[in-house]
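Below is one structure, written out as structure tokens; the observations come after it.
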Amino acid sequence: MTLDWSVVWQNKWLLAEGALMTIVLTVLTMGFAVPLGIVLAFMRISKWRSLALFSQCFVELFRNIPLILIVYWSFYVIPILVPVQFSAFTTGLIALVLCVSAYNAETFRAGINSVRAGQTNAGLALGMSQFQVMKEIILPQAARRVLPILATTWVSLFKDTSLVSVIAVGELSHVALQIRSQSFRVLEMLTAMAVIYWMMGYPQAKLSDWVRKKFEVKE
Amino acid sequence: MTDTTPIRRAATQPPLLEYKHVRKAFGAFQAIDDISINIYPGEVVCFIGPSGSGKSTLLRGTNGLDPFDGGEVIFDGLVLPRKPSDVRKVRQRMGMVFQNFELFPHKTALQNVAIGPITVLNTDRATAEKQAMALLAKVGLDDKADNYPVNLSGGQQQRVAIARALAMQPEVLLFDEPTSALDPETIGEVLSVMKALADEGRTMVIVTHEMSFARRVADWVIVFERGKVLEEGPPEQIFEAPTVERTKEFLGHLGWA
Chain P
2 MTLDWSVVWQ
12 NKWLLAEGAL
22 MTIVLTVLTM
32 GFAVPLGIVL
42 AFMRISKWRS
52 LALFSQCFVE
62 LFRNIPLILI
72 VYWSFYVIPI
82 LVPVQFSAFT
92 TGLIALVLCV
102 SAYNAETFRA
112 GINSVRAGQT
122 NAGLALGMSQ
132 FQVMKEIILP
142 QAARRVLPIL
152 ATTWVSLFKD
162 TSLVSVIAVG
172 ELSHVALQIR
182 SQSFRVLEML
192 TAMAVIYWMM
202 GYPQAKLSDW
212 VRKKFEVKE
Chain R
207 MTDTTPIRRA
217 ATQPPLLEYK
227 HVRKAFGAFQ
237 AIDDISINIY
247 PGEVVCFIGP
257 SGSGKSTLLR
267 GTNGLDPFDG
277 GEVIFDGLVL
287 PRKPSDVRKV
297 RQRMGMVFQN
307 FELFPHKTAL
317 QNVAIGPITV
327 LNTDRATAEK
337 QAMALLAKVG
347 LDDKADNYPV
357 NLSGGQQQRV
367 AIARALAMQP
377 EVLLFDEPTS
387 ALDPETIGEV
397 LSVMKALADE
407 GRTMVIVTHE
417 MSFARRVADW
427 VIVFERGKVL
437 EEGPPEQIFE
447 APTVERTKEF
457 LGHLGWA
């Protein structure tokens with residue numbers, strides 16, 4: 002069996018485009034999933050039962066089914082639910098946002114709950130309002146605990162974007178697998194894919210480790 | 207017949223703080239069982255008694271953090287409101303010091319002291335920090351202004367917490383077992399700060415297990431048991447000649463009498 006690596010180089014621009022799309026998907030997903038996660042977390046801890054219940058159902062649904070299923074589901078179900086025709090990219094993005102915002106909601110909720118009740122009392126005792134306590138006391142402390150977990154989620158998400166390739170979103174996996182099936186250079190393309198993912202993922206993982214170290218809560 | 211009623215010097219003025227028939231239960235456990243007591247301006251009042259006697263619960267109900275089930279607290283002639291936005295106004299006038307300090311770990315000592323005036327009184331940062339610095343100096347910690355709580359000892363943290371309470375210029379200071387979480391060697395520094403505040407004539411309500419401190423600093427001592435007031439009086443009476451047998455027993459367990 003002879004290997005011909007030239008196929009990788011010949012398709013460098015296609016692969017670069019795919020890699021760029023992977024990054025764009027990751028950034029956009031997090032861009033939506035962080036605020037959504039915050040909203041869901043606040044709904045979950047709010048005193049309005051219906052909001053809390055909605056948030057809980059949302060989180061428990063999307064957190065407990067495989068992402069690939071959400072991707073397929075979005076692809077087939079969204080066109081039935083809404084009259085608008087979404088592109089594959091938008092559909093994939095929606096699927097990722099649904100899943101990751103469910104994760105983020107739990108992350109934020111845990112972060113807020115991890116700040117002990119005495120801190121709230123100390124703020125209230127000074128005469129602060131509930132809102133001021135949340136803003137000045139709870140959220141800054143929660144953020145330090147949430148950030149490292151968000152960084153970990155980011156690293157997973159970066160790799161999980163590959164799952165939207167099943168609905169033909171032109172990110173790195175899709176592009177590479179397309180080239181593979183056209184050129185029959187299976188091993189070369191899979192290896193190239195692995196190398197590109199690793200080269201992009203490794204620095205992010207290191208950055209995430211650094212974030213975790215930097216924001217470690219000492220008490 | 208001689209009058210044996212102990213003299214309460216501060217009682218010539220109207221009380222600053224009145225508890226009227228306050229009650230609180232945790233499930234079937236009656237933590238506070240119809241207590242009515244007064245705190246007068248300028249007084250240092252110590253709440254003592256065995257664990258679970260209701261003294262901490264009474265203190266935490268004072269500013270509505272842990273509201274009573276019934277009865278009322280009257281502060282400066284004003285019934286403590288139940289509505290969150292109204293009770294805030296009263297809380298601003300009461301300082302509270304917690305057993306576990308509860309300093310804000312993401313803020314420096316200086317920022318911990320300044321945050322109350324900045325957020326609640328809308329004091330500008332520069333003024334608030336200047337006042338905070340003066341308060342840290344008062345508790346002997348101006349050299350630690352830029353330290354985060356994690357880098358302070360328990361005793362230092364509690365002194366910062368006292369400065370934080372003072373920053374709101376409270377009319378009464380509530381201390382909830384302020385030295386119970388401290389290493390023995392740092393208890394003294396906190397007590398001496400509290401003694402200095404007492405000497406300034408501040409009104410202080412202190413839940414404590416430090417009997418020698420209560421004996422030395424209190425103007426009035428209230429002994430609690432099972433959610434009721436067992437006995438109250440000046441420290442000389444409580445510690446030297448308690449009139450109630452259970453007070454003798456309680457103090458006896460602690461090595462007094």
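Chains as they are written, first to last, in my numbering: chain P, 2 to 220; chain R, 207 to 463. Where is the CB? At the ideal position from N, CA and C, for every residue including glycine. Computed from a prediction, not measured in an experiment: that's the story for all the values here.
Item checked: Under 8 Å by beta carbon: chain R residues contacting I138 of chain P -> Ordered by position in chain R, the residues that pass the 8 Å Cβ test against I138 of chain P are F310.
Notebook entry, point to check: Using CA coordinates, which residue listed in R:V279, R:T263, R:S291, R:R215 is at the minimum distance from K226 of chain R?
Noted result: Selected option, being the one with the closest Cα: R:V279.
Margin query: Which runs of the beta strand (DSSP E) at least 3 residues long sit entirely within the stretch 286 to 324 of chain R? Give them in chain order.
Written below: Counting only runs of 3 or more residues that sit fully inside the stretch 286 to 324 of chain R, the beta strand (DSSP E) segments are 300 to 303, in chain order.
Notebook entry, point to check: L271 of chain R versus chain P: which residues are under 8 Å apart at the beta carbon?
Noted result: Chain P residues near L271 of chain R: N122, L125, A126.
Check: Taking the continuous beta strand (DSSP E) assigned at W426 of chain R, which residues delimit it?
Finding: Unbroken beta strand (DSSP E) run through W426 of chain R: 426 to 431.
Checklist line | Residues of its chain near Q363 of chain R, where Cβ-Cβ distance is below 8 Å and the 5 sequence neighbours each way are ignored | finding: Closer than 8 Å at Cβ, skipping near neighbours: F307, L309, P355.
Margin query: Quick check on I412 of chain R: does DSSP put it in helix, strand or coil?
Written below: It is a strand residue.
Checklist line | Segment contact, 8 Å Cβ cut-off, at least three pairs: the stretch 123 to 137 of chain P with the stretch 57 to 77 of chain P | finding: No: fewer than three Cβ pairs fall under 8 Å.
Check: Hey, how far is the Cα of M374 of chain R from the Cα of L327 of chain R?
Finding: Looking at the two C-alpha atoms, the distance is approximately 8 Å.
Next item on the list: Determine the contact status of G38 of chain P and S102 of chain P, defining contact as a CB-CB distance below 9 Å.
Entry: Yes, Cβ-Cβ distance for G38 of chain P and S102 of chain P is below 9 Å.
Next item on the list: Note down, in chain order, all residues in the stretch 310 to 334 of chain R with a beta-carbon under 7 Å from any beta-carbon belonging to chain P.
Entry: Of all residues in the stretch 310 to 334 of chain R, only F310, P311, H312, I321, G322, T325, V326 come within less than 7 Å of chain P when Cβ atoms are compared, listed by chain position.
Checklist line | Residues that DSSP places opposite F90 of chain P in a beta bridge | finding: The partner list for F90 of chain P (beta bridge, DSSP) is empty, contrary to what the question assumes.
Item checked: Close-in-space but distant-in-sequence residues of the same chain around R331 of chain R (CB under 8 Å, 5 per side omitted) -> Once the five neighbours on either side are set aside, the close Cβ partners of R331 of chain R are A320, I324.
Margin query: Counting only C-beta atoms, is K215 of chain P closer than 9 Å to chain R at any point?
Written below: Taking a beta-carbon distance threshold of 9 Å, K215 of chain P does not count as an interface residue toward chain R.
Check: Since M28 of chain P sits in a beta bridge, which residues does DSSP pair it with?
Finding: Strictly speaking, residue 28 of chain P in this sequence is Val, with Met absent from that position. Answer by DSSP bridge pairing: none, since V28 of chain P is not bridged.
Notebook entry, point to check: Among R:S291, R:A420, R:P212, R:P221, which one has its Cα closest to the Cα of G255 of chain R?
Noted result: That would be R:A420, whose Cα lies nearest to the Cα of G255 of chain R.
Notebook entry, point to check: beta strand (DSSP E) containing I79 of chain P: first to last residue?
Noted result: Note, I79 of chain P: premise wrong, no beta strand (DSSP E); alpha helix (DSSP H) at 68 to 82.
Checklist line | V296 of chain R versus G128 of chain P: straight-line alpha-carbon distance, rounded | finding: The alpha-carbon atoms of V296 of chain R and G128 of chain P are separated by roughly 8 Å.
Next item on the list: Could you tell me if I213 of chain R is buried or exposed, where buried requires 16 or more neighbouring beta carbons within 10 angstroms of its beta carbon?
Entry: I213 of chain R counts as exposed, since fewer than 16 other beta carbons sit within 10 angstroms of its beta carbon.
Check: Just the Cα atoms here: how many angstroms apart are M200 of chain P and R110 of chain P?
Finding: Approximately 33 Å between the Cα atoms of the pair.
Checklist line | R452 of chain R - DSSP class collapsed to helix/strand/coil | finding: Note: R452 of chain R maps to helix in three-state DSSP.
Next item on the list: Work out the CA separation of R213 of chain P and D292 of chain R for me, nearest whole Å.
Entry: So the two alpha carbons sit approximately 41 Å from each other.
Margin query: Can you list, in chain order, the residues of its chain with a C-beta nearer than 7 Å to that of A402 of chain R? Leave out the 5 residues immediately preceding and following it.
Written below: Nothing listed; no residue qualifies.
Item checked: Short Cβ contact (9 Å threshold) for I393 of chain R with C252 of chain R -> Contact flag unset, no.
Check: Tell me the DSSP bridge mates of R229 of chain R?
Finding: Bridge partners of R229 of chain R according to DSSP: R:D239, R:G276.
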